[in-house]
Amino acid sequence: MSTLRSGRLSARLRVPSGQAENVLQANVMMVMCGCPIIPGGHWDADRFEVTALIRSRDRYIGEVRLSYAGEIGQFAGESTIPSDGPYDIIVYAFDPANGNTGLDRTTVVVGSSQPTPNEEQRPGVFDE
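Quick note on this note's numbering: the sequence shown kicks off at 20 and runs consecutively.
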């Protein structure tokens, strides 16, 4: 059985504050075979359930449903980040046709201009 992985969510990221709408993107892939996930393909992107769960510290912020974004294995959706601070994002992908499931997690820091050790300053999860 293959498993799923959302590979772009592997680093701590810092994004500027004041962005009302942000795009959340995830790269979902079949780890065991590397097979493409596309609409109508053997691994049909149209049947995958891909969702991002957003939390800030111990507070639930919301869920964002991610849809196929036009490129192999790419899923995206829009979210609103309510205020500055750290946010944990968990993306899960599920194929109900066979039960394949996978998830990944990252932390995004919104605002605060000073990076902490081990953080990268680059665009990624939330892009303008």
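We put the CB at the ideal spot given by N, CA and C, even for glycine.
Predicted model only: the values in this text are computed from it and were never measured.
Rounded to whole angstroms, what's the CA-CA distance from residue 93 to residue 45? Just pull it up for me. 6 Å
In chain order, what residues of the same chain lie with their CB nearer than 8 Å to the CB of residue 106, ignoring the 5 residues before and after it? 73, 74, 75, 80, 100, 126, 127, 128, 129
Tell me where the beta strand (DSSP E) around residue 105 begins and ends. 104 to 114
Let's see if you can read the secondary structure: which residues bound the beta strand (DSSP E) around residue 81? 78 to 87
Please state if the CB of residue 42 and the CB of residue 90 are separated by a distance shorter than 8 Å. no
Roughly how many whole angstroms lie between the Cα atoms of residue 82 and residue 111? 11 Å
As a quick exercise: from 103, 60, 66, pick the residue whose alpha carbon is nearest that of residue 120. 66
For the candidate residues 102, 103, 104, 56, whose alpha-carbon lies nearest to that of residue 69? 56
With which residues is residue 96 paired in a DSSP beta bridge? 43, per the DSSP bridge assignment.
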